[in-house]
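Novice: Residue numbers (this note's numbering), protein chains in the order written: chain A, 766 to 879; chain B, 46 to 158.
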């Protein structure tokens, strides 16, 4: 079983829809949670960063972390065709044995249709 | 501020050869991490360097190695290439603070024939 599970999709929605992307994880030591967006043939671009539990909002994007359930989510409001990309969740744990190491989900491919 | 840069962007090699990839981090960032991305395995951590020292290493064979220079630029080397090494190799940089966000470069796409 992978440490981080993410449904690869693909997920197809109409323009303007609310998109919900999710990841579950098994390692309770994870403290730092990130969402990256990756366009085809590009490197991942950081979208959201959350420390421990709670919600964080940035424009049309909201990230939620529920450590009790080991579950994180990314919501995209008023989705646009330009949001079509692969969304990767990533997380890391503190400690000298984890420096610089992010554990990624498989990525969810999202298509927003005009 | 310029982002993370990686060179070359594309490489084609044959089995048994070796390859060196280069990464220049964001100015002021001292930590550089390397990842391998494949369709089957996704993004997997290779190793991390800080102040010219490897601080952490993922579960890859010894054919994968790296180093970091005094200006924080980093290189990774893969020796005796195998077909399965075909992948997008990504470099990410961050400040030295634990849990700090990592910023990725565009990657080097390596094809092994």
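Here a beta-carbon is modelled for each residue, glycine too, at the ideal position from N, C-alpha and C.
Could you tell me which of A:790, A:804, A:805 sits nearest to residue 798 of chain A, measuring between CA atoms?
Specialist: The count along the first chain starts at 1 and reaches residue 798 of chain A at position 33. For residue 798 of chain A, the nearest C-alpha among the options comes from A:790.
Novice: Does the beta-carbon of residue 820 of chain A have 16 or more other beta-carbons within 10 angstroms, so that it is buried, or is it exposed?
Specialist: Residue numbering aside, residue 820 of chain A sits at position 55 when the first chain is read from its first letter. Exposed is the call here.
Novice: Go ahead and label residue 57 of chain B buried or exposed: buried means 16 or more other beta carbons lie within 10 angstroms of its beta carbon, across all protein chains shown.
Specialist: Within the second chain, residue 57 of chain B is the residue found at index 12, counting from 1. Label assigned to residue 57 of chain B: exposed.
Novice: Pull up the distance between the alpha-carbon of residue 160 of chain B and that of residue 65 of chain B, whole angstroms please.
Specialist: Since the first residue of chain B shown is 46 and the last is 158, residue 160 of chain B is not available in this structure.
Novice: For residue 745 of chain A, which residues from the same chain have a beta carbon less than 7 Å from its beta carbon, with the 5 sequence-adjacent residues on both sides left out?
Specialist: With chain A covering 766 to 879 only, the question about residue 745 of chain A has no answer from this structure.
Novice: Assuming residue 853 of chain A and residue 803 of chain A are in contact, meaning their beta carbons sit under 8 Å apart, how far apart are those beta carbons, in whole angstroms?
Specialist: Mapped onto the first chain, residue 853 of chain A falls at position 88. Mapped onto the first chain, residue 803 of chain A falls at position 38. That belief holds up - the Cβ atoms of residue 853 of chain A and residue 803 of chain A are roughly 6 Å apart, short of 8 Å.
Novice: At least one CB of chain A closer than 7 Å to the CB of residue 152 of chain B: is that the case?
Specialist: By 1-based counting over the second chain, the position of residue 152 of chain B is 107. Judged by the 7 Å Cβ criterion, residue 152 of chain B is in contact with chain A.
Novice: List the whole-angstrom C-beta distance separating residue 125 of chain B from residue 63 of chain B, where the pair is believed to meet the contact cut-off of C-beta under 8 Å.
Specialist: Here residue 125 of chain B is taken as the residue at index 80 of the second chain, counted from 1. Here residue 63 of chain B is taken as the residue at index 18 of the second chain, counted from 1. About 7 Å; that satisfies the 8 Å criterion.
Novice: Closest to residue 808 of chain A by C-alpha separation, out of B:75, B:131, B:136, would be which residue?
Specialist: Walking along the first chain from the start, residue 808 of chain A turns up at place 43. For the residues B:75, B:131, B:136, the minimum Cα distance to residue 808 of chain A belongs to B:136.
Novice: Give me the subset of the region 806-837 of chain A whose CB atoms are less than 9 Å from a CB atom of chain B, sorted by chain position.
Specialist: Listed in sequence order: 806, 807, 808, 809, 810, 811, 814, 816.
Novice: Using the three-state DSSP reduction, which class does residue 846 of chain A fall into: helix, strand or coil?
Specialist: Here residue 846 of chain A is taken as the residue at index 81 of the first chain, counted from 1. Residue state, collapsed to three classes: helix.
Novice: Under the DSSP definition of a beta bridge, which residues are partnered with residue 807 of chain A?
Specialist: To locate residue 807 of chain A, count along the first chain from 1; it is residue 42. In DSSP, residue 807 of chain A forms no bridge with anything.
Novice: Is residue 878 of chain A buried or exposed, if buried means 16 or more other CB atoms sit within 10 Å of its CB?
Specialist: The sequence position of residue 878 of chain A within the first chain is 113, counting from 1. When all chains shown are included, residue 878 of chain A counts as exposed.
Novice: To the nearest angstrom, how far is the alpha carbon of residue 826 of chain A from that of residue 154 of chain B?
Specialist: Here the question's residue 826 of chain A lines up with position 61 in the first chain. Here the question's residue 154 of chain B lines up with position 109 in the second chain. Taking the straight line joining both Cα atoms gives about 30 Å.
Novice: List, from N- to C-terminal side, the beta strand (DSSP E) runs of 3 residues or more that fit wholly inside the region 821-878 of chain A.
Specialist: Runs found: 826-831, 836-841, 850-857, 873-878.
Novice: Could you check what DSSP says for residue 155 of chain B in three-state terms: helix, strand or coil?
Specialist: Counted from its first residue, the second chain places residue 155 of chain B at position 110. Of the three classes helix, strand and coil, the one that applies to residue 155 of chain B here is strand, per DSSP.
Novice: Strictly below 7 Å CB to CB, what residues from chain A border residue 147 of chain B?
Specialist: Here residue 147 of chain B refers to the residue found at position 102 when the second chain is read from its first residue. Ordered by position in chain A, the residues that pass the 7 Å Cβ test against residue 147 of chain B are 867.
Novice: Which whole-angstrom value describes the C-beta separation of residue 85 of chain B and residue 99 of chain B, a residue pair presumed to lie in contact below a C-beta threshold of 8 Å?
Specialist: On the second chain, position 40 is the one that residue 85 of chain B refers to. On the second chain, position 54 is the one that residue 99 of chain B refers to. Not a contact, Cβ separation roughly 26 Å.
Novice: Might you give, ordered along the chain, the residues of its own chain that have their beta carbon closer than 6 Å to the beta carbon of residue 121 of chain B, omitting 5 neighbours on each side?
Specialist: Walking along the second chain from the start, residue 121 of chain B turns up at place 76. Excluding residues within five positions, the ones whose Cβ falls inside 6 Å are 66, 79, 111.
Novice: Bridge partners of residue 779 of chain A, per DSSP?
Specialist: Position 14 of the first chain, counted from the start, is the residue given in the question as residue 779 of chain A. A:878, per the DSSP bridge assignment.
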